[in-house]
Amino acid sequence: KEGAKEGAKEGAKEGKEGAWAKMKSRPIEYLSVPCVAAFVGITTNWMGVKMLFYPIEYAGMDWQRWEDTPYGLFGWQGVVPTKTEIMAKRLVSIVTQRLLSLQEAFAKLDAEELSELLLPAVQSSVAEHCGALWARALSPVLPALLPHLLRHLQSDIDQVLDLDQVVLSAFVRDKEVLVDLFQKVGRVELLFLVNSGFAFGFALGLAQMLAWAHRPATWTLPLAGAAVGYLTNWVAIKLLFEPADPVNVADLFVLQGLFESRQIEVSDEFAHFMSQRVLNSRSLLTDLSSGAQHGDLYNFLRKHLPYPIPSHVLEAAVHAIAQVAANPHQHPQLHSYVTSQLNIEKTLARRLKLLSPKDFEDLLHPVFQEDEITLIATGGVLGLAAGGLQTQLGWGGPGATLRAIGTIVFTLSSSLALYMHQEYEKDQDKPLASKARPNLRRRETIIRANPTLESLANDIMGDYR
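Taking this note's numbering, the leading residue of the sequence shown gets -16, the next gets one more, and so forth.
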């Protein structure tokens, strides 16, 4: 309070002076304003990114929570873990309606070759669950029967295996899978969102400094700080996705949202993640064999193998598929064959690259659309608090300059520490897709040169590289 009163007195004393004269008379104190704003910008954006994903489970007092909201009366859960099912359904619609067809993928499997790989597991399961008599009786029949059944399964795969449910259950069963997916494919955007907070905060802090010089009231810095915290989050999120389509500006440069400009790279990484963590041979076979005697695979076998073949033989066959899925290390050749033939990674990557930028945006944008206003408002609240604290530090009297120097050193060193922490996390992050992609040019910028000018520059600089 004493500091705030001192600042108000100084402001009244200098009331007739111009803003420039005030800043010249106390440059260090005024320089602390944009430094604090830059610190607020990078800190609030970092907090906003963390609040998107963490904590995975609700942390706090569970007195009052509202459905599908990350916040409770006294607690918080990450936006993505809170809305896993909602976000997963949006991804499911993209994957199943625009990118992948199970019938097309399973048609690539050779029924004869797959039956040879499955035969030992089926024979072992029949012997274990139906006895040696049934195992000997079916032994001469199974080598011819399995390819026949697999060909029918390829035709009816959409009725036996629900691709929507496969993808959805993978995300809902383990919330960390969806969190990992968004963090992997959006790591460049999330890093930009945090680090851009410093630059945007400093720029807006200059305006905040002018406002304080023009009207040094006790409410000036808190109000301007709230605006800085709010706008840095809002601007950064907008630049991630807008404009979706490339905009040619005077034939000099092309402006496009950061995420859309990385469509080639993100397509490869998204496809690799999905093929490794969600649509791998293990998960597909697990869902195929789910339900045991009440599942779709059992009903399929019952349809094509009518009585007198008893139910326990069909159950043994379903159990064989479940065992193969649960123990990939015991059947490496089968899993390797299914993965290579389905070729899900290349199919997803190729078709993602063909999507329009607006459709491609739907891969990541849902993370920010859900409770976007909450994250932006958080920046405003923290900015308000920082402005109020800065006002209390005082702008006049003995020690004011020393306090300003301390403020500058603290905010800049803290911002640098946060930036270095981001760089460390980036270095620790292992890229999902292979780096052996010589034709891929990584885009990590919102503005890039016009292709014609870029080509000309490459021709000119070619001999000097």
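Don't be surprised by glycine CBs; every beta carbon is placed ideally from N, CA and C.
The structure presented is a predicted model; accordingly, all values stated were derived computationally and were not measured.
| Query | Result |
| --- | --- |
| C-alpha distance - V109 paired with S294, whole-angstrom precision | 12 Å |
| Whole-number beta carbon distance between M30 and T361, since they are thought to touch under 8 Å | 7 Å |
| Sub-8 Å separation of A387 and E12 beta-carbons | yes |
| Short Cβ contact (8 Å threshold) for L372 with E172 | no |
| Straight-line Cα distance separating K158 from I39 | 7 Å |
| Own chain residues within Cβ distance below 8 Å of A42, not counting five before or after | G58, W59 and Q60 |
| K91 burial status per 10 Å Cβ neighbour count (16 or more: buried) | exposed |
| Identity of the residues DSSP links to F57 by a beta bridge | M44 |
| Neighbour-count burial assignment, A4, 16 or more Cβ in a 10 Å radius | exposed |
| Length of the line joining the Cα atoms of R334 and L82 | 6 Å |
| CA-to-CA distance, T203 to W195, given in whole angstroms | 6 Å |
| Cβ pair count under 8 Å reaching 3, the region 325 to 344 against the region 251 to 261 | yes |
| Given 8 Å, three or more beta-carbon pairs between the region 44 to 53 and the region 306 to 313 | no |
| Proximal residues to L136 (C-beta, below 7 Å), its chain only, five neighbours per side dropped | V143 and F283 |
| 6 Å CB neighbourhood of S264 in its chain, flanking five on each side removed | H318, V321 and T322 |
| Of the residues P10, E99 and A20, the one placed nearest G395, counting alpha carbons only | Inspection of the sequence shows that residue 395 is occupied by Leu rather than by Gly. Among P10, E99 and A20, the Cα nearest to that of L395 belongs to A20. |
| L176 versus L214, L132 and A400, residue with shortest Cα-Cα distance | L214 |
| C-alpha distance - R426 paired with V364, whole-angstrom precision | Legend: pLDDT at R426 = 43, less than 50; position of this residue unreliable, value from coordinates given subsequently. Spanning the two alpha carbons is a distance of roughly 33 Å. |
| P212 classed as buried or exposed, judged by whether at least 16 other C-beta atoms fall within 10 angstroms | It is worth fixing the name first, because residue 212 is Gly in this sequence and not Pro. Buried, because 16 or more other Cβ atoms sit within 10 Å of the Cβ of G212. |
| Proximity to L241 [Cα-Cα], best of A233, P229, D234 and L235 | P229 |
| Chain-order list of residues whose beta-carbon lies under 8 Å from that of A300 (same chain, five-residue window excluded) | V105, S108, V109 and L284 |
| Span of the alpha helix (DSSP H) around I292 | Where I292 is concerned, there is no enclosing alpha helix (DSSP H), given that its DSSP letter is neither H nor E. |
| Own chain, CB closer than 7 Å to K418, minus 5 neighbours either side, in chain order | Residue confidence for K418 is low, a pLDDT of 38 falling below 50, so the modelled location carries little weight; the figure read from the coordinates is stated next. There are no such residues. |
| Three-state class that DSSP yields for G1 in the structure shown | coil |
| N310: first and last residue of the uninterrupted alpha helix (DSSP H) it sits in | Per DSSP, N310 belongs to no alpha helix (DSSP H) and is neither H nor E. |
| Rounded straight-line distance, which links the Cα of D163 to that of L189 | 37 Å |
| Cα-Cα separation between P340 and E243, rounded to whole angstroms | 6 Å |
| Ordered list of beta strand (DSSP E) runs contained in the region 153 to 232, each at least 3 residues | 230 to 232 |
| K91, DSSP secondary structure in three states | coil |
| Beta-carbon proximity list for F351, same chain, < 6 Å, skipping 5 on both sides | I220 |
| Inter-residue spacing [alpha-carbon to alpha-carbon] between E99 and L268 | 16 Å |
| Coarse secondary structure for R9, derived from DSSP in three states | coil |
| Straight-line gap, L297 to H112 (C-alpha atoms, nearest Å) | 10 Å |
| Same chain, Cβ closer than 6 Å to G180, five either side skipped, listed in chain order | G24, I25, N28 and T215 |
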